[in-house]
Amino acid sequence: MNRQPLERSQSARRAVALAALLMGTTFLAGLPAAALAQTAPAPAAPVAEAPAPVVDTIRTITVEGSQRLEPDTIRSYIKLRVGQPYTQQAADQALKDLYATELFTEVQIRNDGGAVAIQIKENPVINRIVLEGNKRLKEDKILPEIKLSPRQIFTRSKVRADVARIIELYKRQGRFGANVEPKMVMLDQNRVDIVFEITEGPKSKVRSINILGNEQFSDGELRGEMMTKQTGLTKIFSSGTSYDPDKMAFDQQKLRQFYLTKGYADFRIVSAVAELTPDKRDFVLTYVVEEGPRYKFGDVKVVSQLRDFDEERLAKTLPMKNGDWYNAKQVEDTIEQLNNTLGTFGYAFADVRPDYARNKEELTMGLTFNIAEAPRVYVEKLDVNGNTLTQDKVVRREFRLTEGDAFNTLQVKRSTNRINSLGYFQEKFEVEQKPGSAPDRIILEANVEEKPTGELQLSAGYSSLEKLIFQGSVQQRNFRGRGQTVGLNLSYSQYSKSAEVSFTEPYVFDKNMSMGVSVYRRDYNNFNYVNSNRNTLYRNTTTGLQLRAGLPLSEYLSAVGSYTFNHDNITVDRNQYYSDRVNPTLECDPIIAGRYLCDAIGKRTTSMLGLSLIYDSLDNRVRPSRGNSVSVTAEFAGLGGSVKYARLRLNAAKYWPVGKGFIFSLRGEAGAIKSLGRKNDLTNGIDAVSLTDRFYLGEPTIRGFDIRGVGPRVVRKYYTDTNNDLVVDGLNFVCYAPPTSTTTAVRTVATSTTVCPTGQNLLTPDGVNENRDSWQDDSIGGRYYYLARAELEIPLGSGARDMGLRPSIFLDAGAVWGVTRPRLETVQVENTLFFPTRNTSGLPLYTQIDAASLVGTVCTPSAISSVTNPINPTPPTCLTSANNTPQGSFYPPFRDFFFGNTIKPRISIGIGVNWNSPFGPFRIDFAKTLLKAEGDDTKSFSFNVGTQF
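Numbering (our numbering) for the sequence shown: 485 to 1433.
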């Protein structure tokens, strides 16, 4: 079926109607007078009068061609009635009335001696609406905005209105070159498809913003206050370069606000014009402004009709003083501040109005804050609306006011913050205040919009710490609408595995006391680096249970007690770290593993009591923007179990909004641990605090350093042939003569550190390899630590905020120290320590020659095997010995170094971005280390995907 342009078809119909009218007139001229709607007068005789026209009386009115509409309905649209005289004027009016209904495509009226017939053709029914060419605006944005819809009667006025509306939608997107061509596809049964063919065109940008009349501020400074931005290379990714009339109106308000905050009280915008460029692609905006003189504050007073407030004392608290530059924003903030002060004393409906006294001669603005009489207000009722799952009591118990209490603005704000911190409802929730049944009564309403609080997460990600990560968790933070939290968490990576089940009841038996329990199992593989490769150092398996109980001591202060029982099992790879070098039985070899690690191996139980005092005044615990948080935690391990120590931790954080969406935060923490059982063994370099109970620092807690990259560590550096004598010997001076064409190399241990025999060179002992990638780096932690962070969160546009992007710049500083200096090992000559290869039972392996024969004078093996017997019971006859050859390797010469045990801070700065991506939270950081200690392991780039950070 062919599409017909609607405007063209309308013109065609008009032409057809006109032709029909002309033909009808010609035809009617030949009919008898009785057939005419109005009899034409006979030709006038020169001397006789024309006879009076014959007027028919309407006898019947019939309707022909109707399909959906009843004839009576159609007759009701016109004024022709049976019994009335039929005139051409009445017929013309009937035609107009029927076309005005927009229900008909064609209408004709015939009169046959009073028998009036109305021939109609109804407008078709719309079958569907089709949009073509719309890429920037999807159907779900356009269809709700237009009037036409399927199963409606087609009308041309609605088509024209919808075309205009679609074009308006594109203009709001900045596409002023958009064009819409409506087409109609005829179907059977008098149905049509309406097709809007859309040519979207390019987005109209703002090519330039011109400001005329500004003398005190530059064009660039004023443009910086506007939401609309000029196009340019620096604004490629900015959404503010598109022209939008609404934005232009908002920019005028921004300009007025800017000037009023600078003291220009008479500022006005003379005109604001948007002109389309000749190529019709961009706009040029021109503002003509009149700045006027700059004013200062004159006398600033407070006049109060409330007896509870002293006018002079209130005036002293005002931020503006006589002689300060006038600032309209400061006046608005002061009104809000006064209202909050009045609300704190129960005056919820207090009215504060400023009276201005402008002195144009002295350029001063006198100001009087008038506080009108108002009653002290009491809370009449607390209403909770919109909660379908959450029980009322879960919301009500977060209110700091109850029915009958005196109204208090601070308590209302605190209630809002507490409800927001639940995380059950919409963001930016506010407690609404409404008048009560009397002037001194107020109703507080919590109109909430619940959001999902159940989480089912199955994710796979990649972390620079743990490589490939698989994680699954099920958590309900509002279980059964009671505010309880139930969780199951499972995670797996190359170096850690964990499973945890937890339950928390924030209000036990509806009392202001919380309780919780967690049962968990955690497997953690500690590692070091050898030649840039991760090498598992030890495995720590923890199975435990924790019970918690919390009690508020005041509005912002609470105490939390806990009991924790852990069973730890620390193991190492026996084939890698065990040997019989010292004793006949296999045991952890300190040459390979280090004495500090050998001391940590074994099973231990920890029975620990903890007490935390927590002060929390944050406005939102999920994403705070202002407030303080301080906690002190003391833990005592020794209530049974094999581990005894006391540990103290301090945490503090403060957040400030610093204007225009920026949030600045300072966070700090510190800790100390003291053994209550063992003592430090200085001789063997064993610290009283176990390796797994110490503090560690590094990624991600202090950025700019690798995982556990800060603090005490044992670095094993291997000797290398730095003197080029083909032998690794880090102990002796060597006399060496290189080989010649007639002699072999001569190498002897020097008897003097200054002289060698003639013809031989004196070589110093070999040195260690200083390439960090070749070191064995073991972090051993410390008994004390501190960490400080300063961070500024940078606001982005609304689009980036909707995507969950939150960039920030940061400075991190911290240190960990206080461990006993470990006993360091050194092997300086190669081929000194041999470590046999063992089977799964721990027995050393030997290579046995099972068959051999003489080839010339050499006994050549033809069959060999790996055995555990050092003696060959049936050696081949050509062998001179029955001893089997041990399998294994010589441990390379090395020297251990102890680094990092210092209180001096390590400092790094950098930038980072948080992103709540569709596949999990994402954190990326770029950091530059400013201050470090010898041995620290730095790292500039880190990221985490698919796991919490």
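Think of the CB as a built atom: it goes at the ideal place given N, C-alpha and C, for glycine as much as any other residue.
Leaving aside the five residues before and after residue i along the sequence, list all residues of the same chain whose C-beta is less than 6 Å from its C-beta, in chain order.
i, result
"Ala-529", "For Ala-529, the predicted model reports a pLDDT of 48, less than 50, meaning its position is unreliable; a value from the coordinates is still stated below. Counting only Cβ-Cβ distances below 6 Å, and skipping sequence neighbours, we find nothing."
"His-1051", "Thr-1027, Thr-1089"
"Thr-1025", "Asp-1007, Asn-1053"
"Leu-696", "Val-772"
"Ala-856", "Gln-789, Asp-835"
"Arg-1133", "Thr-1117, Gly-1155"
"Arg-649", "Glu-629, Ile-630"
"Gly-1195", "Leu-1181, Gly-1266, Val-1300, Gly-1384"
"Pro-634", "Ile-610, Arg-612"
Given a cut-off of 8 Å on the beta-carbon distance, is the pair residue i and residue j in contact?
i, j, result
"Pro-608", "Phe-638", "yes"
"Trp-809", "Lys-780", "yes"
"Ser-692", "Val-768", "yes"
"Phe-1319", "Gly-1394", "no"
"Asn-1245", "Ala-1234", "no"
"Gly-1169", "Gly-1182", "no"
"Leu-1095", "Gly-1122", "no"
"Val-1211", "Glu-1314", "yes"
"Leu-615", "Glu-623", "yes"
"Gly-1188", "Thr-969", "no"
"Ala-1297", "Pro-1389", "yes"
List the endpoints of the continuous alpha helix (DSSP H) containing residue i.
i, result
"Asp-556", "555-560"
"Met-804", "Counting along the chain, Met-804 falls outside any alpha helix (DSSP H), and DSSP gives it neither H nor E."
"Lys-731", "729-745"
"Lys-877", "876-880"
Any heavy atom of the ligand SAM closer than 7 Å to the CB of residue i?
i, result
"Lys-1416", "By its list of ligands, the structure shown contains no ligand whatsoever, and the ligand SAM lies outside what it can speak to."
In terms of DSSP beta bridges, what is residue i paired with?
i, result
"Cys-1072", "Tyr-1062"
"Ala-1198", "Correcting the residue type first, residue 1198 is Val in the shown sequence and not Ala. Asp-1262, Phe-1382."
"Thr-1413", "Ser-1392"
"Pro-1036", "Ser-1042"
"Val-786", "Phe-853"
"Cys-1219", "Thr-1232, Leu-1246"
How is residue i classed by DSSP in three states: helix, strand or coil?
i, result
"Met-711", "coil"
"Leu-826", "helix"
"Gln-568", "coil"
"Asn-901", "helix"
"Ile-1085", "coil"
"Glu-684", "coil"
"Tyr-583", "helix"
"Phe-1427", "strand"
"Ile-626", "helix"
"Asp-839", "strand"
"Gln-577", "helix"
"Phe-987", "strand"
"Tyr-1047", "strand"
"Leu-632", "coil"
"Ala-513", "Confidence at Ala-513 is low in this model, with a pLDDT of 36, below 50, so the placement of that residue is unreliable and no value is reported for it."
"Gln-814", "helix"
"Arg-620", "coil"
"Gln-603", "strand"
"Ile-435", "For residue 435 there is no data in the structure shown, the boundaries of the chain being 485 and 1433."
"Leu-1160", "coil"
Would you give the residue range spanned by the beta strand (DSSP E) that residue i belongs to?
i, result
"Gln-917", "916-919"
"Pro-1141", "1129-1141"
"Val-647", "Counting along the chain, Val-647 falls outside any beta strand (DSSP E), though it belongs to the alpha helix (DSSP H) covering 640-656."
"Tyr-1330", "1330-1339"
"Gly-867", "The question names Gly, but residue 867 is Asp in the sequence shown. Where Asp-867 is concerned, the enclosing beta strand (DSSP E) stretches over 862-869."
"Asp-596", "588-596"
"Ile-637", "Element bounds for Ile-637: n/a, residue is neither H nor E."
"Pro-1345", "1342-1351"
Whose C-beta lies closer than 7 Å to the C-beta of residue i among residues of the same chain, with five residues either side of it excluded?
i, result
"Phe-511", "For Phe-511, the predicted structure reports a pLDDT of 36, less than 50, and the residue's modelled location is therefore unreliable. The matter cannot be settled from this model."
"Phe-829", "Asp-792"
"Lys-1416", "Arg-1390, Thr-1422"
So, at 8 Å on beta carbons, what are the nonlocal neighbours of residue i in its own chain, with the 5 sequence-adjacent residues on each side left out?
i, result
"Val-932", "Val-868, Asn-869, Gly-870, Asn-871, Thr-874, Val-879, Ile-903, Tyr-908, Phe-909, Gln-910, Phe-913"
"Ser-1101", "Tyr-1040, Gly-1111, Asn-1112, Ser-1113"
"Leu-582", "Ile-558, Tyr-561, Ile-562, Phe-588, Val-591, Ile-602, Ile-604"
"Asn-1207", "Val-1218, Tyr-1220, Leu-1247, Thr-1248, Pro-1249, Asp-1250"
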